[in-house]
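Take a look at the structure below.
Residue numbers (this note's numbering): 12 to 356.
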């Protein structure tokens, strides 16, 4: 069976797409090709292990969109005619719009995956012609499938060992801080200062994106023990080491918080497309698994108050996250869904 996975953009799109590719490989007799925009430059895409092709694309609201879309459509048609997939699996975002258009033109079966709590614009445009639309959070009209984590999440870590691996005190309360691929700057600037006001001893694991040295200097100046790095490929180790997280509310993040039962203070990225991070955060808050603070109201004092409440509610929130994860086990298998559609002629 031949399967094209159409994905690109942020980790929220690429992480579950790559997880699907790995699961299909384990199933056997599946030839997988990735196709999308800017895959060769993405820090979230493992280029060495997955065959891929680049398809030109552009945000739908740009003046030059029609011209780039035509180029992408032309290349997408060539790729699909040459590869002859049994099914095309789309993971949303403008990065795959031309390829999904090509799949529709050629009458290829399309299966869509929505990582967020609301269908994105591209998935909405193709939902009516798709053979199936799957989602990891409840969305009307979609098939619920298990959370799709990043591949490295299979590794298990003991909390004390994980903290020692980060050169931190095995017994000290530990905050995990990260801002995702687009929203790190605000957290990099605010959280060290907020934690300096937080009472009691503490330590921090902070993944910064591009501002590693500036954040490390801030913690040194504030005399807060901290492990600071731009990015963590073994994110399961970080979740094991932490007592709670301070982070954005992207799809991959919310999925990970559930899977690792990590209570969190969510500060949604306000510039996220169609405000989807706020909606993701509200879903997790409604299930009792997190606290949410809008960036517009995230003063240093407000962050401290929220963190105090989060730690007081930590055990209750862990139980709530465990309940969400248990419900996750009773869902339709996404790999079986893709293979089923690819097998039916």
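Every residue, glycine too, gets a C-beta built ideally from N, C-alpha and C.
Here's the rule: buried if 16 or more other CB atoms are within 10 angstroms of the residue's CB, otherwise exposed. What is residue i?
i, result
"residue 274", "buried"
"residue 20", "buried"
"residue 116", "exposed"
"residue 353", "buried"
"residue 175", "exposed"
"residue 267", "buried"
"residue 217", "buried"
"residue 58", "exposed"
"residue 107", "buried"
"residue 127", "buried"
"residue 220", "buried"
"residue 23", "buried"
"residue 38", "exposed"
"residue 228", "exposed"
"residue 134", "buried"
"residue 345", "buried"
"residue 72", "exposed"
"residue 172", "exposed"
"residue 318", "buried"
"residue 78", "exposed"
"residue 8", "The question about residue 8 has no answer, for the chain in this structure spans 12 to 356."
"residue 167", "exposed"
"residue 80", "buried"
Identify the residues that DSSP records as bridge partners of residue i: which are they?
i, result
"residue 258", "189, 277"
"residue 121", "99"
"residue 42", "13"
"residue 10", "Beyond the ends of the chain as shown, which are 12 and 356, falls residue 10; an answer cannot be given."
By Cβ distance, which residues of its chain are closer than 8 Å to residue i, with the 5 residues on each side in sequence left out?
i, result
"residue 312", "208"
"residue 325", "254, 255, 274"
"residue 63", "44, 45, 46, 47, 50, 51, 56"
"residue 152", "138, 144"
"residue 338", "none"
"residue 211", "184"
By the three-class DSSP mapping on this structure, what secondary structure does residue i have?
i, result
"residue 288", "helix"
"residue 155", "strand"
"residue 319", "helix"
"residue 64", "strand"
"residue 87", "helix"
"residue 298", "coil"
"residue 212", "coil"
"residue 74", "coil"
"residue 19", "coil"
"residue 303", "strand"
"residue 142", "coil"
"residue 308", "helix"
"residue 47", "strand"
"residue 181", "coil"
"residue 52", "helix"
"residue 94", "helix"
"residue 352", "helix"
"residue 196", "helix"
"residue 9", "Because the chain is modelled from 12 through 356, residue 9 falls outside the range shown and cannot be assessed."
"residue 331", "helix"
"residue 344", "coil"
"residue 127", "coil"
"residue 224", "helix"
"residue 169", "coil"
"residue 69", "coil"
"residue 271", "coil"
"residue 147", "coil"
Who are the Cβ neighbours of residue i in its own chain at under 6 Å, not counting the five residues just before and after it?
i, result
"residue 236", "214"
"residue 97", "12, 13, 353"
"residue 120", "98, 142, 352"
"residue 199", "219, 222, 226"
"residue 262", "23, 126, 127"
"residue 315", "205, 208, 209"
Which same chain residues, not among the five before or five after residue i, have their C-beta less than 7 Å away from its C-beta?
i, result
"residue 320", "302"
"residue 309", "201, 278"
"residue 41", "12, 14, 35"
"residue 233", "203, 207"
"residue 343", "154, 155, 156"
Any heavy atom of the ligand FMN inside 6 Å of the beta-carbon of residue i?
i, result
"residue 187", "The ligand FMN is not among the ligands present in this structure, which contains no ligands whatsoever."
Subject >> Contact the region 46-53 vs the region 276-293: 3+ CB pairs below 8 Å >> reply: No, the region 46-53 does not touch the region 276-293.
**OP:** Would you be able to state if there are at least three C-beta pairs under 8 Å between the region 243-257 and the region 174-191?
**Re:** Taking a cut-off of 8 Å for Cβ pairs, the region 174-191 and the region 243-257 touch, as three or more such pairs fall below it.
Original post:
Per the contact definition of three or more C-beta pairs closer than 8 Å, is the region 137-150 in contact with the region 78-94?
Top reply: Between the region 78-94 and the region 137-150 there are fewer than three C-beta pairs closer than 8 Å, too few to call the two in contact.
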